[in-house]
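Participant:
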Amino acid sequence: MTTSRATAALGALVIAGLVGLALAGDRVAGYRFDAQDSAHALESPSRAHWLGTDALGRDQLARLAEGARVSLLIAIGATTLALAIGLGYGLLAGWLGGRVDGAMMRAVDVVYALPDVLVIVLLIEILQATLLGVPDVARRVAALVAALGFVGWIGIARLVRALVLQAREETWVEAARALGLRDRRILLRHVLPNIAGPILVAAAFQIPAAILAESTLSFIGLGIQPPFSSWGTLASDGFEAMRSYPHLIFFPCLAILLALIGFHLLGETLRASLDPRRRA
Amino acid sequence: MIRYAAGRVLAGVPVLWVVATLTFALLRFLPGGPFDKEKTLPPEILRNLERRYALDGTLAEQYADYLGRLVRGDLGPSYKYVGRDVSDILADALPVSVELGLLALAIALGGGIALGLAAGTRRDSALDRIVGIATLVGVSAPSFVIGAGLILGVGLELDWLPAGLWEGPRYAILPALTLAALPLAYIAQLTRAQVITVMHQDYVRTARAKGVPEGRVRRHHVLRNALLAVLTYFGPLLAILLTGSFVVEKIYAIPGLGRFFVTAVTNRDYPLVLGVTLVYAALVVAANLAVDLLYAWLDPRIRVGGAER
Chain A
1 MTTSRATAAL
11 GALVIAGLVG
21 LALAGDRVAG
31 YRFDAQDSAH
41 ALESPSRAHW
51 LGTDALGRDQ
61 LARLAEGARV
71 SLLIAIGATT
81 LALAIGLGYG
91 LLAGWLGGRV
101 DGAMMRAVDV
111 VYALPDVLVI
121 VLLIEILQAT
131 LLGVPDVARR
141 VAALVAALGF
151 VGWIGIARLV
161 RALVLQAREE
171 TWVEAARALG
181 LRDRRILLRH
191 VLPNIAGPIL
201 VAAAFQIPAA
211 ILAESTLSFI
221 GLGIQPPFSS
231 WGTLASDGFE
241 AMRSYPHLIF
251 FPCLAILLAL
261 IGFHLLGETL
271 RASLDPRRRA
Chain B
1001 MIRYAAGRVL
1011 AGVPVLWVVA
1021 TLTFALLRFL
1031 PGGPFDKEKT
1041 LPPEILRNLE
1051 RRYALDGTLA
1061 EQYADYLGRL
1071 VRGDLGPSYK
1081 YVGRDVSDIL
1091 ADALPVSVEL
1101 GLLALAIALG
1111 GGIALGLAAG
1121 TRRDSALDRI
1131 VGIATLVGVS
1141 APSFVIGAGL
1151 ILGVGLELDW
1161 LPAGLWEGPR
1171 YAILPALTLA
1181 ALPLAYIAQL
1191 TRAQVITVMH
1201 QDYVRTARAK
1211 GVPEGRVRRH
1221 HVLRNALLAV
1231 LTYFGPLLAI
1241 LLTGSFVVEK
1251 IYAIPGLGRF
1261 FVTAVTNRDY
1271 PLVLGVTLVY
1281 AALVVAANLA
1291 VDLLYAWLDP
1301 RIRVGGAER
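And the structure:
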């Protein structure tokens, strides 16, 4: 039990640190994230530049902090979107049941059969072209949030639907009905709170999944573009010259790794405390 | 059993049809067309190009035309790679991805089950702790982080293995390890949790009470039941190996199928996108069928198709 509490604390600490970095932004570094300085390009970490500088002399810590903003914003946005769609869809399908449920679940199966990568790439391309007149970085963030949210809601919808199907057969639902409560009230005030635990756990695991997907997309050049950066963009920049300037790839990768481990630990902790069966 | 399998294969056909239709529709939502260049083409040339690739009809006509050729096994010509059919491109790229994927699959299954079994049967030992930390990192790390580490460490610093290109078995090792890392870690976690659960089951206690040697208990009762959980993960695992390959193939400059998911969309190479997607969907359908058949083989309580009632 002590070890699980220690890992929970570790996860919380890591996440708090990264969120702090994101909130502070490039102020922590004392340089603007897009300020170029060709006299100090490609420097290794030093007292002036804690994490070194890139090929254009931009301070890496400032870019990493800016990247934390972008990466975490996208992850939280995508998770919220996935949760909202998945919750609504799952509640509806599970509660209505029967033929409506069957049809809704077939639709889910179809979306599930499409390769995620393809759906994400297509959605990003479509959204990028529709949101004209919006600043480039906002458009890319919106496209990533929408694409990742759209891929993520399927799993949550399936989970919610299964939980609702189970719950609606319970005696307390029957009791609520006998008392003459309306469907909406039973569903939102009685069923939802009872099944919230596993949904919260699934949502918590969506965050690292979204960070992973975003960084991967940015790494292959589909995500955030310079001068703005996400951790994936920074890692991608660093990858090009990693043998000569390993600090450029090391720190972004470390940030991604820490964030993912932190959120996984958070998810595990939630699961352990919310799911009595998992308690060792 | 054979009848059941045949039925399932047939049931896969509508799935592929829906995937083809949806992808076809989604592609046409994309702004721009396959022949948009920096320099605008003269209208006559554009018209000729569109006629050549049967893009001049209405959408419904194009769709009917595509499906008609699809049924005959013709995936059409690529727009981008002039003079090449999509089937030719797939025939070149698919074996590379399959080889990489199968190698990664073997590594992930072998390594993951072995680690999970070792950790699960020695719960709370030092080994269990180490496996716990290693697998946490493994399920967390993006493949490009693992790839960068392997390339930098094993490929460049130690210079043991080639880090890039695809020119023989030695070239497959680092990419396969990179691709296998995440599923390996996940399978290890899954196996460990399952082994711990199974070890407390009545049938294991019974076997031990009967005096069955511990090694046989583990092989015959624990491992076999723990494998069922791993099998459930097989479908998602294949999807991860297939789509995950697009990053790994990019990092290691491997001429596989993965890169087309991105480049074919950016090039608006509709037939190539559809071809790649259909291959992917077919593989997933086949994998799920294989899982269900394996289930029946591993767990005598499950008999598919109600054959043995």
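As given, the protein sequences belong to chains A and B, one line each in that order.
The first sequence stops at residue 280 when you use this note's numbering, and every number in between is there.
The second sequence stops at residue 1309 when you use this note's numbering, and every number in between is there.
All residues carry an ideal CB built from backbone N, CA and C; glycine is no exception.
Does DSSP put proline 1255 (chain B) in a helix, in a strand, or in coil?
Facilitator: In this structure, proline 1255 (chain B) counts as coil in the three-state DSSP scheme.
Participant: Per DSSP, what are the beta-bridge partners of proline 1077 (chain B) in this structure?
Facilitator: B:Asp1085
Participant: Alpha carbon to alpha carbon, how far is alanine 1126 (chain B) from phenylalanine 263 (chain A)?
Facilitator: 25 Å
Participant: In angstroms, rounded to a whole number, what distance separates the CA positions of leucine 1278 (chain B) and leucine 131 (chain A)?
Facilitator: Using only the alpha carbons, I get a separation of about 30 Å.
Participant: Given tyrosine 1252 (chain B), which residues of its chain have a CB within under 6 Å of its CB, disregarding the five upstream and five downstream residues?
Facilitator: Gly1164 and Pro1175
Participant: Tell me which same chain residues have a C-beta within less than 7 Å of the C-beta of leucine 1059 (chain B), skipping the five on either side of it?
Facilitator: Arg1028
Participant: Checking contacts by CB at 8 Å: is serine 71 (chain A) closer than that to chain B?
Facilitator: no
Participant: Note down, in chain order, every chain D residue with its Cβ under 9 Å from the Cβ of valine 1013 (chain B).
Facilitator: This model lacks chain D altogether, as its protein chains are A and B.
Participant: Are there three or more Cβ pairs, one per stretch, closer than 8 Å when the segment 1180–1192 of chain B is compared with the segment 1099–1112 of chain B?
Facilitator: Segments in contact, yes.
Participant: For a contact defined as C-beta to C-beta under 7 Å, what are the partners of histidine 264 (chain A) on chain B?
Facilitator: Leu1136, Val1139 and Ser1140
Participant: Can you have a look at leucine 1156 (chain B) and say buried or exposed, based on whether 16 or more other CB atoms are within 10 angstroms of its CB?
Facilitator: exposed
Participant: How many Å lie between leucine 1161 (chain B) and arginine 106 (chain A) at the Cα?
Facilitator: Spanning the two alpha carbons is a distance of roughly 47 Å.
Participant: How close, in whole Å, do the beta carbons of isoleucine 261 (chain A) and valine 14 (chain A) come, if the pair is a contact with beta carbons under 8 Å?
Facilitator: About 7 Å separates the beta carbon of isoleucine 261 (chain A) from that of valine 14 (chain A), a gap short enough to meet the 8 Å contact definition.
Participant: Using the DSSP secondary-structure output, state which residues sit across from aspartate 59 (chain A) in a beta bridge.
Facilitator: A:Thr53
Participant: Between methionine 104 (chain A) and chain B, is the shortest Cβ-Cβ distance under 8 Å, so that the two count as touching?
Facilitator: no
Participant: Would you say alanine 1281 (chain B) faces chain A, with C-beta separation under 8 Å as the test?
Facilitator: yes
Participant: Count the other CB atoms, across all protein chains shown, that sit within 10 Å of the CB of glycine 11 (chain A); report buried if there are 16 or more and exposed otherwise.
Facilitator: buried
Participant: Indicate whether alanine 35 (chain A) and leucine 61 (chain A) have their beta-carbon atoms separated by less than 8 Å.
Facilitator: no
Participant: Which residues in chain B have a C-beta closer than 9 Å to the C-beta of isoleucine 199 (chain A)? List them in chain order.
Facilitator: Scanning chain B for C-beta atoms nearer than 9 Å to the C-beta of isoleucine 199 (chain A) yields nothing, as the closest lies near 20 Å away.
Participant: Taking 8 Å as the threshold (beta carbon to beta carbon), is valine 117 (chain A) in contact with chain B?
Facilitator: For valine 117 (chain A), the answer is yes, since a Cβ of chain B falls inside 8 Å of its Cβ.
Participant: Give the range of the alpha helix (DSSP H) segment to which tyrosine 1203 (chain B) is assigned.
Facilitator: Tyrosine 1203 (chain B) -> alpha helix (DSSP H) spans 1202–1209.
Participant: Quick one: which chain A residues come within Cβ less than 9 Å of proline 1031 (chain B)?
Facilitator: Residues of chain A passing the Cβ test: Glu125, Ile126, Gln128, Ala129 and Thr130.
Participant: Grouping DSSP H, G and I as helix and E and B as strand, with all else coil, what is threonine 1191 (chain B)?
Facilitator: helix
Participant: I want to verify the contact list: residues of chain B whose CB lies under 8 Å from the CB of arginine 243 (chain A), in sequence order.
Facilitator: Leu1152 and Leu1156
Participant: I want to see whether chain A comes within less than 8 Å of phenylalanine 1035 (chain B), judged by CB atoms only; does it?
Facilitator: Answer no: the Cβ-Cβ gap between phenylalanine 1035 (chain B) and chain A never drops below 8 Å.
Participant: If you reduce the DSSP assignment to three classes, tell me which class tyrosine 1066 (chain B) lands in.
Facilitator: helix
Participant: Which whole-angstrom value describes the C-beta separation of glycine 1116 (chain B) and arginine 1192 (chain B), a residue pair presumed to lie in contact below a C-beta threshold of 8 Å?
Facilitator: 4 Å
Participant: How should glycine 1215 (chain B) be labelled, buried or exposed, when 16 other C-beta atoms within 10 angstroms of its C-beta is the threshold for buried?
Facilitator: exposed
Participant: Counting only C-beta atoms, is threonine 1277 (chain B) closer than 8 Å to chain A at any point?
Facilitator: yes
Participant: Given that alanine 1148 (chain B) touches chain A, what residues does it touch there, using C-beta distances under 7 Å?
Facilitator: Going along chain A in sequence order, the residues near alanine 1148 (chain B) (Cβ under 7 Å) are Phe239, Met242, Ile249 and Cys253.
Participant: Which bits of chain B does leucine 212 (chain A) rub up against, with CB to CB less than 7 Å?
Facilitator: Pro1142
Participant: Check whether the segment 73–84 of chain A touches the segment 152–163 of chain A, counting contact only when three or more Cβ pairs, one atom from each stretch, lie closer than 8 Å.
Facilitator: Output reads yes: the segment 152–163 of chain A touches the segment 73–84 of chain A.
Participant: Out of A:Ala176, A:Phe205, A:Cys253 and A:His247, which has the shortest C-alpha to C-alpha gap to serine 46 (chain A)?
Facilitator: Considering only alpha carbons, the answer is A:His247.
Participant: With 7 Å as the C-beta to C-beta threshold (strictly closer), list the residues of the segment 1246–1266 of chain B near chain A in chain order.
Facilitator: Phe1246, Val1247, Lys1250, Phe1261, Val1262 and Val1265
Participant: Can you tell me the Cα-Cα spacing of histidine 1221 (chain B) and valine 1131 (chain B), whole angstroms?
Facilitator: 23 Å
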